[in-house]
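Residue numbers in the sequence shown follow this note's numbering, run continuously in steps of one, and reach 170 at the last position.
Backbone N, C-alpha and C fix where the C-beta goes; we use that ideal spot for every residue, glycine too.
Okay, so here's the structure we're looking at.
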Amino acid sequence: MEIIPNPKEVDGVKVLQLETAAGAAIRFFDHAIGINVPRARFLPVKATSDLLLVQSDLYTLEDGFVIRNKARTNPENPSIELGPEFKKVGNFLSRFKSLPSIVELDSLKVAGDVWFGAGITLKGKVNIVAKSGAKLEVPDGVTIENKEINGPEDL
Numbered sequence: 016m017e018i019i020p021n022p023k024e025v026d027g028v029k030v031l032q033l034e035t036a037a038g039a040a041i042r043f044f045d046h047a048i049g050i051n052v053p054r055a056r057f058l059p060v061k062a063t064s065d066l067l068l069v070q071s072d073l074y075t076l077e078d079g080f081v082i083r084n085k086a087r088t089n090p091e092n093p094s095i096e097l098g099p100e101f102k103k104v105g106n107f108l109s110r111f112k113s114l115p116s117i118v119e120l121d122s123l124k125v126a127g128d129v130w131f132g133a134g135i136t137l138k139g140k141v142n143i144v145a146k147s148g149a150k151l152e153v154p155d156g157v158t159i160e161n162k163e164i165n166g167p168e169d170l
């Protein structure tokens, strides 16, 4: 199979990641066939923002199928932008006591040293940006709707 070089920087160190396209392997299997999967059933997880979407209440599991929560009226997924503090899965998971409800969320931007409690609901357009050098804890049970949070006084 063809190797694809992918130069990148990880923790300030330049590395060369060698990749291959999984689809290119199909030629090595006799009688292989392809199927067309509708976009509505394709939920790629390439970043922790995608992980937040698929692990949240935006999707439910029914009879082994991941389907969109019927309570969501907006046909589009919310836009989610998480800062570098959330980039690694371990860091992402440690910053949430439980994932917030995002069924009614339109967009979310989180930056800085932000930690989420349990039972939180996010609605509309929400920006949570901790001040430089400050830890911001979103308390258990709060609902944040169409709001910008920069410190505990904004909650």
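- Considered as a whole, the region 91 to 116 harbours 94 to 97 as its complete beta strand (DSSP E) runs of no fewer than 3 residues, in chain order.
- If you look at T88, you'll find it isn't in any alpha helix (DSSP H); DSSP assigns it neither H nor E.
- Taking C-beta atoms as the reference points, V144 and G127 count as a pair closer than 8 Å.
- Put simply, the backbone Cα of D26 is about 38 Å away from that of F44.
- As the crow flies, the alpha-carbon of V157 is around 10 Å from that of P115.
- Between L76 and R87, the alpha-carbon positions lie close to 15 Å from each other.
- Counting along the chain, the unbroken beta strand (DSSP E) around D128 starts and ends at D128 to F131.
- The region 97 to 114 and the region 47 to 56 do not touch, with fewer than three beta-carbon pairs separated by less than 8 Å.
- Beta-bridge analysis with DSSP links V153 to F131.
- Put simply, the backbone Cα of T63 is about 23 Å away from that of V52.
- For the 8 Å CB-CB criterion, R83 and L68 do not form a contact.
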